[in-house]
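Q: Residue numbers for the sequence shown follow full-length UniProt numbering, beginning at 1 and rising by one.
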Amino acid sequence: MPVVQSPAVPAPHPSEAGPPIPPETLPDLLPRPDEVMVVIPTLNEAARIEPCLRSLIAGCDFAREVQVVVADGGSRDGTRERVAELSQRFANLRLVDNPGRLQSAGINRAVERQAGPGHRYLVRCDAHALYPPGYLRRVAAALAARPEAASVASVLDARGESGFARAAAWAVDTPLGSGGSAHRGGARSGWVDHAHHAGFRLDWFRRIGGYDPGFSHNEDAEYDHRLARAGGRVWLDAGLRLDYWMRPGPAALARQYWNYGRGRARTVAKHRMKPRLRQLAPAINLVLLAVGLLLGPVWPPALIPAALYLAALAAASLVGAVALRAAHGLWAGPALAIMHAAWGAGFLWQMAQTGWSRP
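#1: Under 9 Å between the Cβ atoms of Asp224 and Ser151?
#2: Ordered along the chain, which non-local residues of its own chain (more than five positions away) have a Cβ less than 6 Å from that of Arg48?
#3: Which of the three DSSP states is assigned to Thr79 in this structure?
#4: DSSP puts residue 431 in a beta bridge; with which residues?
#5: Could you tell me whether the stretch 116 to 125 touches the stretch 133 to 144, using the rule of 3 or more Cβ pairs below 8 Å?
#6: Whose CA, out of Pro41, His271, Arg89, Ala306, lies closest to the CA of Pro99?
#7: Trp347 by DSSP, collapsed to three states: which one?
#8: Are there 16 or more other CB atoms within 10 angstroms of the CB of Ile208, so buried, or fewer, so exposed?
#9: Pull up the distance between the alpha-carbon of Trp204 and that of Ala345, whole angstroms please.
#10: Evaluate Lys274 with the Cβ neighbour count: other Cβ atoms within 10 Å of its Cβ, from every protein chain shown; 16 or more gives buried, anything less gives exposed.
#11: Thinking just about the alpha-carbon of each residue, which of Gly116, Glu65, Asp97 is nearest to the one in Asp72?
#12: If you draw a straight line from the alpha carbon of Arg264 to that of Gly78, how long is it in whole angstroms?
#13: Count the other CB atoms within 10 Å of the CB of Pro301; is the residue buried (16 or more) or exposed (fewer)?
#14: By the three-class DSSP mapping on this structure, what secondary structure does Ser87 have?
#15: For Asn42, which three-state DSSP category applies?
#16: Verify whether the separation of the beta carbon atoms of Tyr211 and Ala283 is less than 9 Å.
#17: Which residues in the same chain have their Cβ closer than 6 Å to the Cβ of Leu288, if we skip the five residues on either side of it in sequence?
#18: Look at the alpha carbon of Ala281 and the alpha carbon of Asp193, and state the distance between them as a whole number of angstroms.
#19: Which of the three DSSP states is assigned to His13 in this structure?
#20: Which term fits Asp34, buried or exposed, when burial requires 16 or more other beta carbons within 10 angstroms of its beta carbon?
#21: Round the Cβ separation of Leu294 and Leu313 to the nearest angstrom and send it over; I've been treating them as touching at under 8 Å.
#22: Curious, which full-length beta strand (DSSP E) runs of at least 3 residues does the stretch 121 to 173 contain?
#23: Helix, strand or coil for Tyr211? Go by DSSP, reduced to three states.
#24: What would DSSP say about Ala71, mapped onto helix, strand or coil?
#25: Return the bridge partner residues of Val36 from the DSSP annotation.
#26: Can you tell me whether Arg201 is helix, strand or coil according to DSSP?
#27: Rounding to the nearest angstrom, what Cα-Cα distance links Ala341 and Glu222 in this structure?
#28: With DSSP as the reference, identify every bridge partner of Leu242, one or two as the case may be.
#29: Can you tell me where the beta strand (DSSP E) holding Arg94 begins and where it ends?
#30: Can you tell which of Ala149, Gly74, Ile107 has the C-alpha that lies nearest to the C-alpha of Ala46?
#31: Where do the ends of the alpha helix (DSSP H) carrying Trp258 lie?
#32: Note down, in chain order, each residue of its chain lying with its Cβ closer than 6 Å to the Cβ of Asp220, except the 5 sequence neighbours on either side.
#33: Is DSSP giving His217 helix, strand or coil here?
#34: Counting C-beta neighbours from all protein chains within 10 Å, is the total for Tyr131 16 or more, i.e. buried, or is it exposed?
#35: Taking the C-alpha atoms as reference points, what is the distance between Gly292 and Ala311?
#36: Which same chain residues, not among the five before or five after Ser87, have their C-beta less than 8 Å away from its C-beta?
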């Protein structure tokens, strides 16, 4: 599905907010299962894909009738075999190839190859997530309930298995971790510029060309930017929540946030956007730290930003230990430092490569 540039049509984003859909109204709003398709892009997700699929499908009659497509980018760790085994139990589960390997390309290809003429809604799911019972029903109902919304977004509640990951999960849902993003542990519904993708109207998805298949990260924010330019709107439903599993260790977390920073820079460069301050903060902080280290020996006041930052990280570690009631909460400060530094470095590196030209 080629990505096309939409004309710049201003899209209002009202500040009004409303409550999530009450569960008792779901039966009246629910589309037919054959109007909904689910796509889960994967690449070497053997440890996560089975729990993810079971959380989505098992125990929900509606979910068992919805077409669920796993778009695999060539996994070699047993992911494909696990999906094939599960398809023997869940007749609505399909495995398709994603030669583009990236999530963005996989979702586009699944829509191109698997969406039927009766499909009206697309639900995007993540192999690193666990979904509450009835999640697909709620996403479908949320889309049906708000015909003025081109897409519906959900709230991520971060979780972790290792001690480090649990501390990182606590930290990422704080303002220091997410920069105040509404979809990170938030509790308020409303119109947003961007949030974690849950469901789309397929006519809108096709109209703006789907995801940019060249984006490995930040493809969702890049999509939302084009959507807004075309006049589409995103509704964040705080009643749509899912558990997202943090990376288990420092190295994996650093790689993830390095790629996040690079992806944001690619979006900025492609659309010549003016980043928000909270998006620039990690890069600015990294520059200030570097300047402080260089000038500190000859001009000690240059170390003040670094000292304040270290104090904030230390405070985060202490608060994390208290909040989690465990010593592993002390990892909160180091986890924040990794997220900030890796994101900032990835952003600066990518901007140095592309500048404000198209990626």
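The beta carbon of each residue, even a glycine, is placed where N, CA and C say it ideally should be.
A: This is what the structure gives:
#1: yes
#2: Ala127, His128
#3: helix
#4: Look at the range of the chain in this structure, 1 to 359, and you will see that residue 431 is not part of it.
#5: yes
#6: Pro41
#7: Note on identity: in this sequence residue 347 is Phe, with Trp being the wrong assignment. Phe347: helix per DSSP, three-state reduction.
#8: buried
#9: 34 Å
#10: exposed
#11: Asp97
#12: 31 Å
#13: exposed
#14: helix
#15: Note that residue 42 is Thr in the sequence shown, not Asn. Looking at Thr42 - three-state DSSP - the assignment turns out to be strand.
#16: no
#17: Pro305
#18: 19 Å
#19: No answer about His13 holds up, because its pLDDT of 34 lies below 50 and its placement is not dependable.
#20: exposed
#21: Not really, about 21 Å apart at Cβ, beyond 8 Å.
#22: 121 to 124, 151 to 159
#23: coil
#24: strand
#25: Tyr121
#26: strand
#27: 22 Å
#28: Leu156
#29: 93 to 97
#30: Gly74
#31: 250 to 271
#32: His197
#33: coil
#34: buried
#35: 15 Å
#36: Leu93, Arg94, Leu95
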